[in-house]
Amino acid sequence: MLDAGLCRYVLISYGHNALSSDSLFTMLMDFAGDDAVFGHFGATGGYALAARRAMHEFNTGPQTWKHIAVAQRAWANLNPQAVMYDKPMSFDDYLSSKYVVEPLRLPDNCLVNDGGRAVIVATLERARDLKHRPAVILGLGQHNPSVQVTQSGILTGSTGARKACETALSIAGITRDDIDACQIYDCFTYTVELTLQDYGFFEPGEGESWFSGGTTGPGGRMPVNTSGGQLSEAYYMGLTPLSEAAMQIMGRCGDRQLGPATQTKEPNIILVSDNGGILQTHSCCILGRI
Amino acid sequence: MNREKTYAIVGVGYTPQGRVPGRTSLSFHLEACANAITDAGISKDDIDGLICYRHFPASSDENDLTPYLVAQHLGIEPNYLSQDAN
C-alpha cells in the first residue's frame, strides 16, 4: 500500500488477553481432532513431534535447547519489561523443569501472557523527519511450503526459512556474514535451532556446539532474541521479534542494548523471522541502519 | 537508495504485559496502537493503513477482533484494512 501510494503510515497491531481469558483453551479445543485420541494435542504436541524427529535424524535435544532457553533468559534479566525479568535460569533449572510434551520442557515453550504490541511503517523519506532513527527494511522473503503438519515432509528442515532468508539477503544485497544479531520467532526452543540451521548458521547437528559458550546471549558473538523473546519476554506472534529488532536498531534498549553496553557488535543489520503453523509458513525480514 | 521506495519502522507501542486481568484483547490492541502513534510522533489521523496481526480465537465473552473494530475504536478511517489470521 505504501508502494502504491495508498498509505503514508501503516500501523501493525496485535493484542491478546491470552493468560486471563479462556481464549487459548478454546483454541486447543478447536485444534483437537481425531489425532487427539493418539496424543497429538495443541501446538506443543506438533512441535514436540518435529523436535523428536529431529533428535532421531541429527544431534539435537535438551543439551542443545538448554543453551537457547538460558541465553534468552539472560537477555530477559536485562529487560525490566520482560515477564521473566526477575527470574534467572540456570542449565540445572532448565534440565530439572517438567515436560509439557516430551521432549519439550516448560522453558522450551513460549510464554502465555496478556498484552499487546504495535509498530508503524512509513517511507524512509517520511521517517527521516520523525523522532527516532528509522529501522530500515532492507530485505524481505517469504516461503510457505506446506499447509498441515500431518502432510509436511519438512519437520526437521529445510523449512520455508531457507528460501525466505535467501530472498531477503538477496534483496538487501548482503550475505549472512553481515548480520550482527537475530530476532527469531521462538514459539519453542527447537524453532530457534531449526530456523538458524535453515538460515545456514550451522549444519544439522552442529547446533549444540554452535550455541554452547553463550553464543546467543549477552556478550555473545551472535545475539539472538535480545528482549528475552517469546520464551522469556512476551508473546505477540511476529511482533515480538520485529519490534525488538526495531528498538535495537533505534538504540533504545537500555541495559540490553546491543553494542558496548552488552559487549556485542553494533546492531547495524538484524535478521528477523516469523513462522506459522507447525513450521508451515515462514517470513524473513532484514532491518538495518543506513 | 530511493527513499520513496524504501520503508522503515518509525514507532513501537508497548502495553503492560504478563498477568493483566480484566482486560479485553481489543483494549490491548488499542493501547499498543495509541502508544505506537505517540512513539512515532505522529497523529492518529496520519494512519491510513491498519494491519491486525494473525491471531488466536477470541475469548467466549468477546467478539472476534477485526481490523475494522480496532479502527472504529481508534477513531480512524484507514484507506486499507487487513488481517492475516491463522
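In the order they appear, the protein sequences are chains A and B. Read in order, the letters of the first sequence are residues 1 to 290 in UniProt numbering. Read in order, the letters of the second sequence are residues 1 to 86 in UniProt numbering. Beta carbons are placed, not taken as given, at the ideal position from N, Cα and C, and that holds for glycine.
Within-9 Å CB hit, residue i to chain A
i, result
"residue 73 (chain B)", "no"
"residue 66 (chain B)", "no"
"residue 31 (chain B)", "yes"
"residue 79 (chain B)", "yes"
"residue 69 (chain B)", "no"
"residue 63 (chain B)", "no"
"residue 86 (chain B)", "The predicted position of residue 86 (chain B) is uncertain, since its pLDDT is 43 and thus under 50; a value taken from the coordinates is nonetheless stated next. Yes, contact with chain A."
Cβ pair residue i, residue j closer than 9 Å
i, j, result
"residue 12 (chain A)", "residue 51 (chain B)", "yes"
"residue 275 (chain A)", "residue 141 (chain A)", "no"
"residue 146 (chain A)", "residue 137 (chain A)", "no"
"residue 62 (chain A)", "residue 88 (chain A)", "no"
"residue 196 (chain A)", "residue 188 (chain A)", "no"
"residue 181 (chain A)", "residue 248 (chain A)", "yes"
"residue 183 (chain A)", "residue 226 (chain A)", "yes"
"residue 12 (chain B)", "residue 127 (chain A)", "no"
"residue 100 (chain A)", "residue 36 (chain A)", "no"
Min CB distance residue i to chain B below 9 Å
i, result
"residue 342 (chain A)", "There is no way to answer for residue 342 (chain A), as the model of chain A reaches only from 1 to 290."
"residue 14 (chain A)", "yes"
"residue 123 (chain A)", "yes"
"residue 134 (chain A)", "yes"
"residue 185 (chain A)", "no"
"residue 237 (chain A)", "yes"
"residue 9 (chain A)", "yes"
"residue 144 (chain A)", "no"
"residue 92 (chain A)", "no"
"residue 249 (chain A)", "yes"
"residue 66 (chain A)", "no"
"residue 221 (chain A)", "no"
"residue 19 (chain A)", "yes"
"residue 130 (chain A)", "yes"
"residue 254 (chain A)", "no"
"residue 279 (chain A)", "no"
"residue 161 (chain A)", "no"
"residue 172 (chain A)", "no"
"residue 106 (chain A)", "no"
"residue 164 (chain A)", "no"
"residue 27 (chain A)", "yes"
"residue 246 (chain A)", "yes"
Under 7 Å by beta carbon: chain B residues contacting residue i
i, result
"residue 225 (chain A)", "Those do not exist, as residue 225 (chain A) stays about 16 Å from chain B at its closest Cβ, beyond 7 Å."
"residue 89 (chain A)", "Simply none; closest approach about 17 Å."
"residue 30 (chain A)", "57"
"residue 372 (chain A)", "There is simply no residue 372 (chain A) to check, as chain A begins at 1 and stops at 290 in what is shown."
"residue 113 (chain A)", "17 and 18"
"residue 177 (chain A)", "Result: empty, since nearest Cβ-Cβ is about 21 Å, beyond 7 Å."
"residue 23 (chain A)", "56, 57, 58 and 59"
"residue 243 (chain A)", "12"
"residue 3 (chain A)", "5"
"residue 116 (chain A)", "15, 28, 29, 31 and 32"
Start-to-end residues for the alpha helix (DSSP H) that takes in residue i
i, result
"residue 70 (chain B)", "67–74"
"residue 35 (chain B)", "25–40"
"residue 71 (chain A)", "62–76"
"residue 274 (chain A)", "First-last for residue 274 (chain A): 269–276, but that is the beta strand (DSSP E), not the alpha helix (DSSP H)."
"residue 182 (chain A)", "Element bounds for residue 182 (chain A): not the alpha helix (DSSP H) but the beta strand (DSSP E), 181–183."
"residue 93 (chain A)", "91–95"
"residue 47 (chain A)", "42–57"
"residue 218 (chain A)", "Unbroken run through residue 218 (chain A): none, as it is neither H nor E."
"residue 165 (chain A)", "161–172"
"residue 241 (chain A)", "239–250"
"residue 229 (chain A)", "229–232"
Neighbour list for residue i in chain B, Cβ cutoff strictly below 8 Å
i, result
"residue 81 (chain A)", "14 and 17"
"residue 119 (chain A)", "9, 11, 12, 13 and 36"
Element boundaries [beta strand (DSSP E), containing residue i]
i, result
"residue 118 (chain A)", "114–123"
"residue 190 (chain A)", "Premise fails: residue 190 (chain A) lies in the alpha helix (DSSP H), 189–198, not in any beta strand (DSSP E)."
"residue 281 (chain A)", "281–288"
"residue 94 (chain B)", "Outside the shown range of chain B (1 to 86) lies residue 94 (chain B), about which nothing can therefore be said."
"residue 143 (chain A)", "135–143"
"residue 16 (chain A)", "9–17"
"residue 82 (chain B)", "80–83"
"residue 85 (chain A)", "Neither: residue 85 (chain A) is in no beta strand (DSSP E) and is coded neither H nor E."
"residue 9 (chain B)", "7–14"
"residue 99 (chain A)", "99–101"
Contact list for residue i against chain B, beta-carbon separation under 9 Å
i, result
"residue 232 (chain A)", "Near residue 232 (chain A) there are no residues of chain B at all, since even the closest Cβ is about 12 Å away, more than 9 Å."
"residue 6 (chain A)", "48, 49, 79 and 80"
"residue 78 (chain A)", "Under the 9 Å cutoff, chain B gives no residues; its nearest Cβ is about 16 Å from residue 78 (chain A)."
"residue 287 (chain A)", "8 and 9"
Beta-carbon separation (whole angstroms), residue i vs residue j, contact threshold 8 Å
i, j, result
"residue 17 (chain B)", "residue 83 (chain A)", "6 Å"
"residue 15 (chain A)", "residue 26 (chain B)", "7 Å"
"residue 217 (chain A)", "residue 71 (chain A)", "3 Å"
"residue 57 (chain B)", "residue 23 (chain A)", "6 Å"
"residue 78 (chain B)", "residue 39 (chain B)", "That belief does not hold up - the Cβ atoms of residue 78 (chain B) and residue 39 (chain B) are roughly 18 Å apart, past 8 Å."
"residue 264 (chain A)", "residue 220 (chain A)", "7 Å"
"residue 164 (chain A)", "residue 283 (chain A)", "6 Å"
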